Amino acid sequence: MEFVLYLVFLIGHLMIRFRRFLIFIIFIFATTVTFALSGGKTVSELFSEVEITKKVKLLGDRCWSLREINSDSAIILGQQALQLAIEYDIKKELPRLYGFIGVVQLHYLYKTKESIPYLHRALEYSLQQKDSVQLAYSYNNLGDLYFLTGNIPLALKFSEYSLQIFNILNHSAGKSYAYVNMGLVHREKKDFDLALEYFEKAKLLWKELGNELGMGSVTLEIARTYEAKGDLDVAMKYYQQSYQKSLGSNNVRYVAFCLSGMANIFYLKKEYDKAFEYYQKALKLNQERRHNFGLVDDYIGLAFIYAHKKERNKAEIALHKALDIANKLGLNTKILKTHKAFAELYQIVDDQSKAIESYNHFSLTYDSILSIQQFEIVEEMQNRFMIRQALSETEQELESRKFQESYLVIIIILMLIIAVVLYWRYQSQRKLNLQLAEINQTKDKLFSVISHDLKNPFNSLIGFSELLVEESREGDYQNTEMFADYIHQSSVEGMKLLTNLLDWSRSQTGAISYCPTPISFDRLFDELNSFFESKLQQYKIKIEFHNLIEEEVMADPDILRTILNNLISNAIKYTNEGGLIRLDAARTKSHVNIKVKDNGTGMSQEIMDGLFDNLKTTNSTQGLHKEQGTGLGLSICSELIRIHKGTIKVKSELGKGSTFEIEFPG
594 MEFVLYLVFL
604 IGHLMIRFRR
614 FLIFIIFIFA
624 TTVTFALSGG
634 KTVSELFSEV
644 EITKKVKLLG
654 DRCWSLREIN
664 SDSAIILGQQ
674 ALQLAIEYDI
684 KKELPRLYGF
694 IGVVQLHYLY
704 KTKESIPYLH
714 RALEYSLQQK
724 DSVQLAYSYN
734 NLGDLYFLTG
744 NIPLALKFSE
754 YSLQIFNILN
764 HSAGKSYAYV
774 NMGLVHREKK
784 DFDLALEYFE
794 KAKLLWKELG
804 NELGMGSVTL
814 EIARTYEAKG
824 DLDVAMKYYQ
834 QSYQKSLGSN
844 NVRYVAFCLS
854 GMANIFYLKK
864 EYDKAFEYYQ
874 KALKLNQERR
884 HNFGLVDDYI
894 GLAFIYAHKK
904 ERNKAEIALH
914 KALDIANKLG
924 LNTKILKTHK
934 AFAELYQIVD
944 DQSKAIESYN
954 HFSLTYDSIL
964 SIQQFEIVEE
974 MQNRFMIRQA
984 LSETEQELES
994 RKFQESYLVI
1004 IIILMLIIAV
1014 VLYWRYQSQR
1024 KLNLQLAEIN
1034 QTKDKLFSVI
1044 SHDLKNPFNS
1054 LIGFSELLVE
1064 ESREGDYQNT
1074 EMFADYIHQS
1084 SVEGMKLLTN
1094 LLDWSRSQTG
1104 AISYCPTPIS
1114 FDRLFDELNS
1124 FFESKLQQYK
1134 IKIEFHNLIE
1144 EEVMADPDIL
1154 RTILNNLISN
1164 AIKYTNEGGL
1174 IRLDAARTKS
1184 HVNIKVKDNG
1194 TGMSQEIMDG
1204 LFDNLKTTNS
1214 TQGLHKEQGT
1224 GLGLSICSEL
1234 IRIHKGTIKV
1244 KSELGKGSTF
1254 EIEFPG
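In terms of the working numbering, the sequence shown has 1253 at position 660, counting the first letter as 1, and numbering is strictly consecutive.
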């Protein structure tokens, strides 16, 4: 398993960006120069064992001191120290060096996956070397890892292990770190009073040690806890204290955290201008230090400010930046926080459909991250921890467990592959069955329409044409005009039915594509008025068009015209003489809303429930003016508005009329 993890780590480092590749070249160059300056001698020829140990310690100390100022250089120095320690078998330094590199990867570069092998090796060598201090730090660092990945129970477990050992050793600095971890876990569990108790203990120890940086970091966590409790004034006081201590320690990372925290308080107090100013300051510092972890919260905060200032586009851009960074970091808590922020953003701008969509996406992401990814990663790490506990027994048992773990991983991988294949086949078969069922229902509906509704106009044509031929042969032309009028009317009705049938068929087979162009609603309404003018006069029905959209709108004119034709035809069909049909067009934020309202017969709730279900066999109801239909008109509207990326809904009451409403982006 160690070999597999090493390969994963090595491949991850080979597939790296140019900046890290450049650092690698600098490392090779520095090594080459050192070798050249040594006159071609090996390190073993230049240094005694004591001197090498001193060099390893010096490089390790330098790595730790640079962790915040220059994290990349800290990694290089740590790797140099680790390479020397491995080459010269200085095992007592291995727990510390692996721990240093793992912490820099985890807390300063936020490369969670890259930190895992180092943190586990730190634990392994701590057990081997019986180094109690480094063992306690290893437990504490693993607690940090689990906390960042969102596994609070395991974070608590490892933090308790760490605190227990540090208490036995009476190690003040170690106890401070462990108290902070305990506070973080209990704050996440909403036990704010207990969290504050742990933070105060940590702060007191740092004060006794005279460590201003430690006091500043704990004060920051106290501020965050009061913010989570809702005590905004107290939180602001501690943020300001932490800010002053962080400035005094020249710790830019914590200065940025404090600025972002104060911005949160201003935002919660609805002082948006002040909040914006402080978020911008924090953002600038984090960008200068390439501190991506802090940038996520800064962009989320700015997005909410933009939303309250009605600058939705800027808000969405800021959140997309936050999500991009969170995904690159691979931190579950930040990814979930950003997805949830999208839903909150759309609630602020009162876009309920997008808010619901974002909340659904947040739920899916939550399930995916915490039920799959976290299970795979964290369970593997937990298994590795249980194996590491056995290292204190014998080296032979360790090797045996490594082989067992490798075989277990192979079996799990094979089982996962088999499970994925079986699930894929199940889903494919299920999807195919659904498609076949839909095809069968579509076929049944098609034949129902052809055999029933479409046959009626042709029966009328045949019947009246036979009467016309018969009376013409007898020289009786008295009813010729009437029969011709009936034949014409039946032909028109047949053509309308056939057109609807073809439109519906094309929508079912995906033959209709969405082609938006700028259109004027004034012009479109004039066309519709002209098209229905004769029929409206014939049935003595009045129609009114009300357009509140002056500018042109991006929409597909053919799709929109077909939808409105069907809705108006439907309204005419069920509106009595002297009735009124009204069309209203208006814009609501980023959407266009069109209503077709009539004061006709209306419909029952039962009919409305199945109105847009194109898989149900719909029986056409004869209109008030003896019109026939396929029952497909509203199904066509539903399909076409879906292609137009919009929605359709209906309100109706028997005897009082119906209102059909379509909405689409524009």
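C-beta atoms are modelled at their ideal positions from N, C-alpha and C, and glycine is treated no differently. No experiment lies behind these values; they were computed from the predicted model shown.
Per DSSP, the bridge partner or partners of S1245: S1251
Limits of the alpha helix (DSSP H) - the one that N906 falls within: 905-922
Assigned exposure category for I1006 - 16 Cβ within 10 Å defines buried: exposed
Environment of C656 [buried if 16+ CB atoms lie within 10 Å]: buried
For V845 and L1233, the rounded distance between their alpha carbons: 56 angstroms
Given 8 angstroms, three or more beta-carbon pairs between the stretch 750-758 and the stretch 794-804: no
Residues that DSSP places opposite H1139 in a beta bridge: D1177
Nearest candidate by alpha-carbon position, reference Q721, set V649, S1106, K704, R689: R689
The stretch 833-840 in contact with the stretch 801-814 per 3-pair CB rule at 8 angstroms: yes
Within 7 angstroms, strictly: CB atoms of V697 and I662: no
T705, enclosing beta strand (DSSP E) - first and last residue: It is not in any beta strand (DSSP E) - T705 instead sits in the alpha helix (DSSP H) that spans 705-721.
Continuous beta strand (DSSP E) stretch holding N1186: start and end: 1184-1191
Beta-carbon contacts of F955 that lie in its chain and below 8 angstroms, excluding the five residues immediately before and after: L929, H932, K933, F935, A936
T818 (DSSP reduced to helix, strand or coil): helix
7 angstroms Cβ cutoff met for Y711 and I694: yes
Endpoints, beta strand (DSSP E) assigned at V643: No beta strand (DSSP E) holds V643; the alpha helix (DSSP H) holding it covers 642-658.
Nonlocal neighbours in the same chain, by C-beta distance under 7 angstroms from A674, ignoring five residues either side: V649, L652, G653, C656, L690
Spatial neighbours of R1154 in its chain, beta-carbon cut-off 8 angstroms, leaving aside the 5 residues before and after: L1117, E1120, L1121
Backbone secondary structure at P1109 - three-state DSSP: coil
Rounded C-alpha distance that separates F1124 from I1236: 24 angstroms
Nearest-angstrom Cα separation, counted from A900 out to N1192: 41 angstroms
Exposure label - E814; buried when at least 16 CB within 10 Å: buried
Limits of the unbroken alpha helix (DSSP H) element including V773: 765-781
Beta carbon of S853 nearer than 7 angstroms to that of Y847: no
Continuous beta strand (DSSP E) stretch holding M1147: start and end: 1146-1148
Alpha carbon of E1126 to alpha carbon of L1160, nearest angstrom: 15 angstroms
Proximity winner among R780, L922, Q672, H764, relative to L1261 (alpha-carbon distances): For the chain, the structure presents residues 594 to 1259; residue 1261 sits outside this window and is missing.
Reference G1239; option with closest CA among L1217, L741, S1183, M829: S1183
Buried versus exposed, by CB contacts within 10 Å (16 or more), R714: buried
Distance CB(I893)-CB(A908) smaller than 7 angstroms: no
Boundaries of the alpha helix (DSSP H) in which L1217 is found, first to last residue: Counting along the chain, L1217 falls outside any alpha helix (DSSP H), and DSSP gives it neither H nor E.
Simplified DSSP assignment, three categories, for E937: helix
Counterpart residues of P1258 in DSSP-defined beta bridges: H1184
Cross-strand partners of T1240 (DSSP beta bridge): E1256
Alpha carbon of L659 to alpha carbon of N843, nearest angstrom: 13 angstroms
Same chain, Cβ closer than 8 angstroms to K664, five either side skipped, listed in chain order: Here residue 664 turns out to be Ser, not Lys, going by the sequence shown. Within the same chain, S664 has close Cβ partners V697, Y701, L702.
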